[in-house]
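So the sequence shown is residues 1 to 849, counted in UniProt numbering.
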Amino acid sequence: MNMTTRNEDPDQVYLKSLTVLYVEDEDDIRDQLKLFLTRRCRRVYIAANGKKGLEAFQKYQPDIVITDILMPIMDGLKMGEHIKEIRPNIPLIVITAFEEPRYFHRAIELGVHQYVNKPVKLDILEDALIKSARILRAEAALKEVEERYRLLFKLSHIAISVADADHHHISQTLIVKPSDHKQAFEGTLVDCNEAFLALLGYESLTALQLRAENILGLISEESAVLLLHAVQQEVLVRGFSSEFELELKSINQTPVPVLAQLIMRYSETGEPMEVWIIMRDIREQRKAEQSLRLSAKVFESSRDAIIITDSQNKIISTNQAFTQIIGYTQEEVIGKDPKIFQSGRHEQAFYQELWSTLNLTGYWQGEIWNRRKKGEVFPEWISISAINNSKGEIVNYVAIFSDITDIKQAEANIEFLANYDPLTELPNRRLFIDRLDQAIKTANREKTKAAVLFFDLDHFKNINDSLGHGIGDQMLIEVASRLEGCMREVDCVSRLSGDEFAAVISDLHDIGNVITVAQKIVGSMRLPFKINDYELHMTISIGISVYPNDGKDFETLLKNADTAMYCAKKNGRDNFEFFSSSMSTQALERLSLENSLRKAVENNELKLHYQPQVAIESGKIVGMEALLRWPHKDLGIISPAKFIPLAEENGLIIPIGKWVLNEACRQNKTWQEQGLMSIPVAVNLSALQFRQSNFLEIVQEALTISQLKPCFLELELTESLLMDCSEYSVRLLKTLRQMGVQLSIDDFGTGYSSLTYLRRFPISKLKIDRSFCQNLPDDSNNSAITRAIISLGHELGLSVIAEGVEETRQLNFLEAQQCDLIQGYLYSKPLDAEEMQKLLGSVDVLPKV
Numbered sequence: 001m002n003m004t005t006r007n008e009d010p011d012q013v014y015l016k017s018l019t020v021l022y023v024e025d026e027d028d029i030r031d032q033l034k035l036f037l038t039r040r041c042r043r044v045y046i047a048a049n050g051k052k053g054l055e056a057f058q059k060y061q062p063d064i065v066i067t068d069i070l071m072p073i074m075d076g077l078k079m080g081e082h083i084k085e086i087r088p089n090i091p092l093i094v095i096t097a098f099e100e101p102r103y104f105h106r107a108i109e110l111g112v113h114q115y116v117n118k119p120v121k122l123d124i125l126e127d128a129l130i131k132s133a134r135i136l137r138a139e140a141a142l143k144e145v146e147e148r149y150r151l152l153f154k155l156s157h158i159a160i161s162v163a164d165a166d167h168h169h170i171s172q173t174l175i176v177k178p179s180d181h182k183q184a185f186e187g188t189l190v191d192c193n194e195a196f197l198a199l200l201g202y203e204s205l206t207a208l209q210l211r212a213e214n215i216l217g218l219i220s221e222e223s224a225v226l227l228l229h230a231v232q233q234e235v236l237v238r239g240f241s242s243e244f245e246l247e248l249k250s251i252n253q254t255p256v257p258v259l260a261q262l263i264m265r266y267s268e269t270g271e272p273m274e275v276w277i278i279m280r281d282i283r284e285q286r287k288a289e290q291s292l293r294l295s296a297k298v299f300e301s302s303r304d305a306i307i308i309t310d311s312q313n314k315i316i317s318t319n320q321a322f323t324q325i326i327g328y329t330q331e332e333v334i335g336k337d338p339k340i341f342q343s344g345r346h347e348q349a350f351y352q353e354l355w356s357t358l359n360l361t362g363y364w365q366g367e368i369w370n371r372r373k374k375g376e377v378f379p380e381w382i383s384i385s386a387i388n389n390s391k392g393e394i395v396n397y398v399a400i401f402s403d404i405t406d407i408k409q410a411e412a413n414i415e416f417l418a419n420y421d422p423l424t425e426l427p428n429r430r431l432f433i434d435r436l437d438q439a440i441k442t443a444n445r446e447k448t449k450a451a452v453l454f455f456d457l458d459h460f461k462n463i464n465d466s467l468g469h470g471i472g473d474q475m476l477i478e479v480a481s482r483l484e485g486c487m488r489e490v491d492c493v494s495r496l497s498g499d500e501f502a503a504v505i506s507d508l509h510d511i512g513n514v515i516t517v518a519q520k521i522v523g524s525m526r527l528p529f530k531i532n533d534y535e536l537h538m539t540i541s542i543g544i545s546v547y548p549n550d551g552k553d554f555e556t557l558l559k560n561a562d563t564a565m566y567c568a569k570k571n572g573r574d575n576f577e578f579f580s581s582s583m584s585t586q587a588l589e590r591l592s593l594e595n596s597l598r599k600a601v602e603n604n605e606l607k608l609h610y611q612p613q614v615a616i617e618s619g620k621i622v623g624m625e626a627l628l629r630w631p632h633k634d635l636g637i638i639s640p641a642k643f644i645p646l647a648e649e650n651g652l653i654i655p656i657g658k659w660v661l662n663e664a665c666r667q668n669k670t671w672q673e674q675g676l677m678s679i680p681v682a683v684n685l686s687a688l689q690f691r692q693s694n695f696l697e698i699v700q701e702a703l704t705i706s707q708l709k710p711c712f713l714e715l716e717l718t719e720s721l722l723m724d725c726s727e728y729s730v731r732l733l734k735t736l737r738q739m740g741v742q743l744s745i746d747d748f749g750t751g752y753s754s755l756t757y758l759r760r761f762p763i764s765k766l767k768i769d770r771s772f773c774q775n776l777p778d779d780s781n782n783s784a785i786t787r788a789i790i791s792l793g794h795e796l797g798l799s800v801i802a803e804g805v806e807e808t809r810q811l812n813f814l815e816a817q818q819c820d821l822i823q824g825y826l827y828s829k830p831l832d833a834e835e836m837q838k839l840l841g842s843v844d845v846l847p848k849v
């Protein structure tokens with residue numbers, strides 16, 4: 001039982017972790033005690049005299065030294081003197097057979113911890129060892145505590161400085177000269193932590209002390225008075241002060257407001273030694289107070305209407321814009337529920353979902369139709385936020401909304417123009433793709449087929465050239481009507497461009513039905529067209545491809561139908577042809593092109609050209625677009641329209657896209673370092689590239705490697721890519737925008753972006769597709785679309801750029817519509833890096849070509 005108790009003694013346990021140096025010249029005693037010590041300590045080192053003992057001490061650095069006194073060469077006490085010089089606090093146990101007082105007194109002077117007589121009694125020696133272990137354990141614990149508090153002081157996020165304090169000096173000076181606070185408290189800085197240095201902008205305590213010898217040198221005159229008052233009235237009375245505000249001076253002398261508390265540290269005799277000044281940065285609090293004052297001004301001057309309600313949704317405040325938009329004054333609506341504005345257009349489920357989201361997340365944003373005081377129903381874009389108190393309870397709701405009537409009208413116009421051909425009112429290419437996609441899904445689900453018919457009007461150009469575009473347009477309208485008359489309602493007829501039409505027949509069970517439809521269409525076109533006073537005759541050539549035999553996607557099916565249509569023309573026109581593999585060698589060409597593209601990527605054969613973007617108002621170059629080029633050694637320059645879709649299909653777009661991003665950033669930074677103008681470079685993104693899980697890291701890596709500032713990089717995204725964006729993608733775009741990267745929508749107008757979608761994304765620019773700039777201002781359809789896009793962009797606070805501008809009259813039209821930027825051959829073709837460098841180094845205002 002006693003053995004167990006001793007084993008569990010913490011000092012004895014600690015002894016087992018220690019090393020011991022035992023110095024003894026008598027072999028028998030040394031061997032006996034070595035065995036005893038080995039069982040109780042982690043390791044035992046042996047020496048036969050004082051000299052060897054000192055050498056062993058320096059070599060092994062033991063925790064405890066046990067030594068005999070009288071030994072040859074060097075006695076134990078002399079050795080102990082040398083050891084104490086090296087490590088004053090080491091436990092030293094002396095063993096001797098002599099009881100002469102002079103040895104005892106020398107041992108006491110040396111600081112010997114324990115004195116053991118020979119013959120050695122093991123229990124007495126063990127007790128001496130345990131006492132030594134206890135001393136070492138206490139010292140280790142003290143060091144651990146000191147280190148812990150040192151780290152807390154150093155690493156604390158709270159700023160702490162330490163100033164010396166002379167209680168008598170402070171009291172006497174203030175009695176003689178109460179106003180002489182600077183003399184009263186010298187407060188020499190003796191220490192501070194890193195948080196305090198960071199707060200004031202200093203790198204070290206030494207640098208701080210060079211600027212200010214004492215704490216008063218770091219605070220304003222008014223703060224010095226407050227500090228001395230706290231010292232005299234509180235710290236000297238009770239040892240600490242209440243919190244009070246101080247204004248420090250940073251390294252550049254800017255004021256740093258803090259909330260401070262003083263704590264006095266006393267000596268062992270109770271005399272004041274140091275004043276610890278603990279400070280909390282309240283700059284953000286000051287900013288918040290300023291923000292509140294600013295918010296009050298914004299509330300009244302905002303162009304957006306603002307309503308504040310209580311927790312029961314009763315109105316307690318509105319601003320002036322609310323009255324201007326809704327028609328009610330604040331006095332008329334105070335205490336009422338905003339339900340009085342409901343238009344009746346929304347089901348109850350809509351409001352239930354709104355409130356469910358609002359109460360769950362604290363925020364809701366969207367489009368609502370409400371009613372003005374005069375009864376007019378109108379659309380508004382509204383954001384509602386729940387305001388919580390410190391307990392997490394909702395105390396208010398704040399709604400901010402704007403009247404989007406004009407934007408909705410522009411949106412409706414763009415919706416139609418984006419999906420339908422304005423002349424014939426048939427679905428356009430985009431909507432046709434969607435309908436074909438639906439037909440393919442139906443065919444897969446029902447195990448049926450789908451057919452694509454590609455139409456071309458024979459010799460239509462002759463009618464346009466001889467009778468004018470007006471008659472030609474009337475012909476196209478009539479053609480559209482006849483085509484629709486030959487199709488089922490479930491099928492889709494589309495005008496792709498000019499005199500090219502296409503149709504998709506879905507849920508096809510029998511190819512014979514396609515033949516019947518094609519024959520019917522050919523026959524209907526043979527009938528005379530009566531346009532104004534003219535009786536005109538025209539035929540049609542039709543190419544047909546069938547899903548899944550002739551292709552499994554829109555591009556392939558349309559391409560093969562187009563190939564079949566040219567065969568129909570070649571075979572005499574006024575007929576139709578089905579696609580067959582013998583019509584084209586495109587499959588082999590495609591394989592060859594894909595292999596060449598892979599080699600081009602591996603051999604770094606792709607190049608970037610740059611086309612300037614010009615501000616219409618000033619003529620200055622304000623940006624540039626990076627355009628990918630493939631100079632093939634045998635085929636010459638291969639169009640991106642030919643190899644980019646191929647790269648997207650086989651996955652090569654991923655390494656290509658990364659290379660384009662890196663190269664554009666690198667080149668732009670190089671030009672900036674050469675002293676050329678600093679302008680953003682725009683890079684096109686593919687959907688595959690954007691949907692990579694590590695896309696954000698790829699952009700950050702490109703910017704980091706090139707050291708290009710994010711504001712000089714613009715990413716161009718297509719409308720279709722944005723419309724398919726998930727919530728994660730929306731957050732990704734917002735993260736990019738917060739980094740400083742600019743975002744724009746490329747080829748705008750070729751798809752349909754609703755107001756809801758546009759408002760979700762942090763875009764700053766719309767890019768009008770080049771197809772709409774063609775034939776401006778003669779083409780009324782393109783003019784209408786362009787005008788609508790510019791208007792919508794400006795309504796949303798976005799800049800608008802038109803691409804493909806090649807003629808002065810196009811520029812004049814765009815300038816009249818207040819378009820912001822243009823890009824095109826009118827100012828410059830795409831230039832290789834060397835040519836672009838010369839251009840950037842020679843001019844900042846471009847003349848028209």
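Even glycine gets a Cβ: it sits at the ideal position worked out from N, Cα and C.
With DSSP as the reference, label residue i as helix, strand or coil.
i       : result
Val-514 : helix
Ser-17  : coil
Asp-747 : strand
His-632 : strand
Tyr-351 : helix
Ala-48  : coil
Arg-280 : strand
Met-264 : strand
Thr-67  : strand
Cys-773 : helix
Cys-567 : helix
Between which two residues does the alpha helix (DSSP H) holding residue i run?
i       : result
Leu-713 : Element bounds for Leu-713: not the alpha helix (DSSP H) but the beta strand (DSSP E), 713-718.
Ile-653 : 653-673
Leu-226 : 221-230
Asp-550 : Unbroken run through Asp-550: none, as it is neither H nor E.
Asp-28  : 27-40
How is the beta strand (DSSP E) around residue i delimited, first residue to last?
i           : result
Thr-318     : 315-318
residue 880 : Outside the displayed span of the chain (1 to 849) sits residue 880, for which this structure offers no information.
Phe-455     : 449-457
Can you tell me the Cα-Cα spacing of residue i and residue j, whole angstroms?
i           : j       : result
Asn-464     : Glu-577 : 26 Å
Asp-68      : Tyr-22  : 9 Å
His-609     : Ala-600 : 16 Å
residue 850 : Asp-403 : For the chain, the structure presents residues 1 to 849; residue 850 sits outside this window and is missing.
Arg-760     : Asn-532 : 49 Å
Leu-722     : Trp-276 : 57 Å
Arg-495     : Leu-426 : 6 Å
Please determine, among the options, the residue with the shortest C-alpha to C-alpha distance to residue i.
i           : options                            : result
Val-452     : Gln-738, Arg-134, Ile-433          : Ile-433
Asn-396     : His-632, Ile-308, Tyr-351, Arg-150 : Ile-308
Trp-381     : Ile-400, Phe-695, Thr-38           : Ile-400
Asn-428     : Leu-703, Val-504, Leu-840          : Val-504
residue 850 : Leu-259, Ser-744, Glu-589, Gln-365 : Outside the shown range of the chain, which is 1 to 849, sits residue 850, and nothing can be said about it.
Leu-216     : Leu-228, Gln-817, Ala-207          : Leu-228
Leu-200     : Ser-744, Thr-254, Lys-373, Leu-354 : Thr-254
Leu-436     : Leu-557, Asp-820, Leu-110          : Leu-557
Ile-542     : Ile-521, Gln-774, Gln-672, Arg-488 : Ile-521
contact_flag[the region 463-471, the region 406-423] where n(CB pairs < 8 Å) is 3 or more:
no
Cβ pair count under 8 Å reaching 3, the region 681-701 against the region 648-661
The answer is yes - the region 648-661 touches the region 681-701, with three or more Cβ pairs under 8 Å.
Three or more C-beta pairs under 8 Å: does that hold for the region 734-747 against the region 765-785?
yes
With three or more beta-carbon pairs closer than 8 Å as the criterion, would you say the region 103-114 touches the region 69-83?
Cβ pair count under 8 Å is three or more, so yes.
Per the contact definition of three or more C-beta pairs closer than 8 Å, is the region 132-146 in contact with the region 50-62?
When Cβ pairs closer than 8 Å are counted between the two stretches, the region 50-62 is seen not to touch the region 132-146, the count staying below three.
Do the region 30-47 and the region 114-132 meet, that is, are 3 or more Cβ pairs less than 8 Å apart?
yes
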